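A quick write-up on the structure given underneath.
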Ligand code: 4AD
Ligand code: MG
């Protein structure tokens with residue numbers, strides 16, 4: 111009896127659930143003309159005339175807003191409150207629009223309703239209609255998603271992650287959750303943030319000067335992860351194919367448009383790879399072409415490219431045309447090309463075998479030599495972390511960096527060193543990493559993987575130069591507003 115009553119309550123509460131259609135949903139499936147339609151959103155612009163006002167309403171569901179035609183039936187005091195930025199609910203009829211540029215508009219006549227849900231002082235509102243600089247919008251990061259560009263970027267991230275999930279599912283990969291708090295610095299670059307417990311005497315105070323707790327919370331130093339790779343490798347030795355799209359943290363001091371202190375990385379690891387490092391490049395290329403190919407012509411990407419350079423955009427479209435495979439070249443060949451170019455180009459750093467490629471070298475390879483994406487493979491071992499598989503020449507490792515125009519390094523990946531003895535020699539005495547060697551000792555299988563900066567991907571496909579505009583609330587050295 112009790113059970114039956116519980117079941118019927120659950121059924122009732124589920125059936126009560128409802129959300130009004132978004133503007134995107136309304137425009138995709140417009141209701142019949144005599145249907146009463148309610149739209150909620152924010153006023154993006156409003157033009158008031160004697161007997162009628164025209165307002166563009168946006169709810170952020172798509173790049174397009176909806177024009178509402180408000181026939182005058184309200185007093186002036188009420189109309190004065192209909193300002194840019196105000197939150198409103200309008201009830202009227204969705205009708206075919208006589209104007210160009212929109213298929214439908216919302217007609218709110220004397221039978222309709224206009225409700226102001228949140229007023230907005232248009233004089234003080236920081237998001238004015240005039241062009242606002244990225245620097246200004248970073249200062250108003252809590253409100254900047256009200257601009258067309260930032261809203262489009264947020265939706266592009268959403269579309270990308272949905273397509274990525276679809277692609278990996280189609281290839282038999284399992285989406286896995288790996289820890290954010292970790293004891294290792296996967297990249298060994300010393301850029302990890304260390305965690306400290308807040309002083310319990312002064313919980314709200316910044317930890318500066320406060321005495322440290324007597325012991326580490328985890329009985330050992332803890333860090334925010336710089337990469338999920340090592341934990342994914344552990345899962346790949348059991349689940350075979352795994353990936354994650356997760357936050358990573360790096361105490362990067364370089365204040366470039368390509369580095370954030372908190373960024374998202376798409377990382378994949380799979381066991382039993384085929385065709386060595388070229389096979390890893392091929393998988394990365396197929397993923398990018400399939401995922402980005404469906405998004406690159408979207409309305410949101412158009413919004414982001416609005417003021418972009420057309421020839422740059424064409425080069426990008428060519429890269430996703432599926433016609434030609436992306437170029438692969440070894441690090442050694444890349445250095446050779448750079449040496450030749452160095453005689454006539456003004457490189458600040460002389461390209462030399464055994465030294466890292468500088469950002470000017472990476473740019474030249476992608477933008478001038480190849481004019482598109484390029485996989486540079488088989489770097490000298492000392493330039494790369496311990497986990498990359500040693501090549502037979504014993505000088506280089508089976509790895510790649512994918513360099514793309516105007517961004518530089520987008521992806522880094524490799525075949526992983528699965529031979530316990532080789533790995534042990536390379537790792538030396540890395541305390542706390544015995545578990546990583548265990549993975550090789552107990553059924554160690556060949557495996558490979560990569561990591562792709564999610565903000566850099568958004569930057570590349572949208573032409574947005576600085577990755578601070580490719581994530582909703584960016585953090586970098588000296589800056590964390592909310
Ligand atoms: O080249 P990275 O450091 O490689 C790794 O962390 C590997 N463990 C990944 C793996 O194989 N699973 O970082 C991978 C990518 C870079 O190519 C770049 O796109 C991005 O992550 N990245 C950053 N993006 C924004 N801000 C930063 N500070 C970044 N550092 C790296
Ligand atoms: Mg790298």
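Numbering (our numbering), first residue to last: 111 to 592. The beta-carbon is built from N, C-alpha and C at its ideal position, and this holds for glycine as well. Model, not experiment: these values are computed from the prediction.
I need the boundaries of the beta strand (DSSP E) containing residue 390, first residue and last residue.
Looking up residue 390 in the chain shown gives position 280. Looking at the DSSP string, residue 390 is not in any beta strand (DSSP E); the run it does join, the alpha helix (DSSP H), is 386-403.
Which class does residue 364 belong to by DSSP, given the choice of helix, strand or coil?
Here the question's residue 364 lines up with position 254 in the chain shown. Three-state result, residue 364: coil.
If you draw a straight line from the alpha carbon of residue 548 to that of residue 426, how long is it in whole angstroms?
Looking up residue 548 in the chain shown gives position 438. Looking up residue 426 in the chain shown gives position 316. Looking at the two C-alpha atoms, the distance is approximately 43 angstroms.
Can you say whether residue 424 is buried or exposed, counting buried as having 16 or more other CB atoms within 10 angstroms of its CB?
Residue numbering aside, residue 424 sits at position 314 when the chain shown is read from its first letter. Exposed, since its Cβ has fewer than 16 Cβ neighbours within 10 Å.
Can you give the beta carbon distance from residue 159 to residue 207, rounded, assuming they're within the 8 angstroms contact cut?
By one-based count along the chain shown, residue 159 stands at place 49. By one-based count along the chain shown, residue 207 stands at place 97. Not a contact, Cβ separation roughly 17 angstroms.
Residue range of the alpha helix (DSSP H) that residue 347 falls in?
Position 237 of the chain shown holds residue 347. It spans 339-349 - the alpha helix (DSSP H) in which residue 347 sits, taken as one unbroken run.
Would DSSP call residue 248 helix, strand or coil?
In the chain shown, counting from the first residue as 1, residue 248 sits at position 138. Note: residue 248 maps to helix in three-state DSSP.
Determine the contact status of residue 147 and residue 216, defining contact as a CB-CB distance below 8 angstroms.
The count along the chain shown starts at 1 and reaches residue 147 at position 37. The count along the chain shown starts at 1 and reaches residue 216 at position 106. Yes, these two residues count as a Cβ contact at 8 angstroms.
Please report the residue range of the beta strand (DSSP E) in which residue 226 lies.
Within the chain shown, numbered from 1, the residue matching residue 226 stands at position 116. Unbroken beta strand (DSSP E) run through residue 226: 223-228.
Determine, using beta carbons only, whether residue 483 and residue 471 come nearer to each other than 8 angstroms.
The residue you call residue 483 lines up with position 373 of the chain shown. The residue you call residue 471 lines up with position 361 of the chain shown. Going by C-beta atoms, residue 483 is not nearer than 8 angstroms to residue 471.
Would you mind giving the Cβ-Cβ distance between residue 162 and residue 180, rounded to the nearest angstrom? I have them listed as a contact below 8 angstroms.
The residue labelled residue 162 in the question sits at position 52 within the chain shown. The residue labelled residue 180 in the question sits at position 70 within the chain shown. About 7 angstroms; that satisfies the 8 angstroms criterion.
Less than 7 angstroms separating the Cβ of residue 522 from some heavy atom of ligand 2?
One-based indexing of the chain shown puts residue 522 at position 412. Yes, the beta carbon of residue 522 sits closer than 7 angstroms to at least one heavy atom of ligand 2.
Quick check on DSSP: helix, strand or coil for residue 440?
Taking the chain shown and counting its residues from 1, the one referred to as residue 440 is at position 330. Of the three classes helix, strand and coil, the one that applies to residue 440 here is strand, per DSSP.
Round the Cβ separation of residue 353 and residue 285 to the nearest angstrom and send it over; I've been treating them as touching at under 8 angstroms.
Reading the chain shown from its first residue, position 243 is the one you call residue 353. Reading the chain shown from its first residue, position 175 is the one you call residue 285. About 6 angstroms; that satisfies the 8 angstroms criterion.
With a CB to CB cut of under 7 angstroms and the five nearest residues on each side skipped, what residues in its chain are close to residue 157?
As a first step, residue 157 must be located in the chain shown, where it is residue number 47. Closer than 7 angstroms at Cβ, skipping near neighbours: 163, 164.
Does residue 509 pass the burial test, meaning 16 or more other C-beta atoms within 10 Å, or should it be called exposed?
The sequence position of residue 509 within the chain shown is 399, counting from 1. Buried, because 16 or more other Cβ atoms sit within 10 Å of the Cβ of residue 509.
So, at 6 angstroms on beta carbons, what are the nonlocal neighbours of residue 343 in its own chain, with the 5 sequence-adjacent residues on each side left out?
Within the chain shown, numbered from 1, the residue matching residue 343 stands at position 233. Once the five neighbours on either side are set aside, the close Cβ partners of residue 343 are 379.
With a threshold of 7 angstroms, establish whether the CB of residue 563 neighbours any heavy atom of ligand 3.
The ligand content of the structure shown is limited to ligand 1 and ligand 2, which means ligand 3 is not among them.
Tell me which residues share the same chain as residue 394 and place their Cβ nearer than 7 angstroms to its Cβ, disregarding the 5 neighbours each side in the sequence.
For the purposes of this step, residue 394 is identified with residue 284 of the chain shown, where counting begins at 1. Excluding residues within five positions, the ones whose Cβ falls inside 7 angstroms are 512, 521, 523, 560.
Determine, using beta carbons only, whether residue 270 and residue 411 come nearer to each other than 8 angstroms.
Position 160 of the chain shown, counted from the start, is the residue given in the question as residue 270. Position 301 of the chain shown, counted from the start, is the residue given in the question as residue 411. Their beta carbons are not under 8 angstroms apart, which means residue 270 does not touch residue 411 by this criterion.
Is the beta carbon of residue 362 within less than 7 angstroms of some heavy atom of ligand 1?
In the chain shown, residue 362 corresponds to position 252, counting from 1. The answer is yes for residue 362.
Run through DSSP, which three-state label would residue 78 get?
The chain is shown only over 111 to 592; residue 78 falls outside these bounds and no answer can be derived.
Confirm, please, whether the CB-CB distance from residue 333 to residue 303 is below 8 angstroms.
Your numbering for residue 303 matches position 193 in the chain shown. Your numbering for residue 333 matches position 223 in the chain shown. Contact: yes.
Using a Cβ-Cβ cutoff of less than 8 angstroms, which residues in the same chain neighbour residue 144 once the five nearest sequence positions on both sides are dropped?
The residue labelled residue 144 in the question sits at position 34 within the chain shown. For residue 144, where only same-chain residues beyond five positions count, the Cβ hits under 8 angstroms are 203.
Of the choices 458, 463, 459, whose alpha-carbon is the least far from that of residue 446?
Walking along the chain shown from the start, residue 446 turns up at place 336. Ranking the options by Cα distance to residue 446, first place goes to 463.
Okay, do the segment 262-269 and the segment 569-587 touch, 3+ Cβ pairs below 8 angstroms being the bar?
Segments in contact, yes.
If I follow the unbroken alpha helix (DSSP H) through residue 258, where does it start and stop?
For this step, residue 258 is matched to residue 148 along the chain shown. Segment 258-280, the alpha helix (DSSP H) holding residue 258.
From which residue to which residue does the beta strand (DSSP E) around residue 203 run?
The residue you call residue 203 lines up with position 93 of the chain shown. Per DSSP, residue 203 belongs to the beta strand (DSSP E) from 197-206.
Taking 6 angstroms as the limit between beta carbons, can you name the residues of its chain near residue 228, skipping five residues before and five after?
Translated into the one-based positions of the chain shown, residue 228 becomes position 118. Closer than 6 angstroms at the Cβ level, and outside the excluded window around residue 228, lie 197.
Apart from the five residues on each side of it in sequence, which residues of its chain come closer than 6 angstroms, Cβ to Cβ, to residue 117?
Along the chain shown, one-based indexing puts residue 117 at 7. Because residue 117 sits at a pLDDT of 43, beneath the cut-off of 50, its placement in the model cannot be relied upon, and the point is left open.
If you check the beta carbons only, do residue 578 and residue 389 fall under 8 angstroms apart?
Sequence index remark: in the chain shown, residue 578 carries index 468 (1-based). Sequence index remark: in the chain shown, residue 389 carries index 279 (1-based). For residue 578 and residue 389, no; Cβs fall outside 8 angstroms.
Mind checking which residues open and close the alpha helix (DSSP H) that includes residue 137?
Within the chain shown, the letter at position 27 stands for residue 137. That run of the alpha helix (DSSP H) goes 133-138.
Let me check understanding here. Comparing Cα to Cα, which of 542, 150, 437, 254 lies closest to residue 591?
Residue 591 sits at position 481 when you count from the first residue of the chain shown. Taking only the C-alpha atoms, the option nearest residue 591 is 254.
Helix, strand or coil, according to DSSP, for residue 192 in the structure here?
Along the chain shown, read from residue 1 onward, the residue named residue 192 stands at position 82. Residue 192 falls in the coil class under three-state DSSP.
Quick one: what's residue 148 bridged to in DSSP?
By 1-based counting over the chain shown, the position of residue 148 is 38. Residue 148 is bridged to 201.
By Cβ distance, which residues of its chain are closer than 8 angstroms to residue 111, with the 5 residues on each side in sequence left out?
Your numbering for residue 111 matches position 1 in the chain shown. Legend: pLDDT at residue 111 = 42, less than 50; position of this residue unreliable, value from coordinates given subsequently. Here the set comprises nothing.
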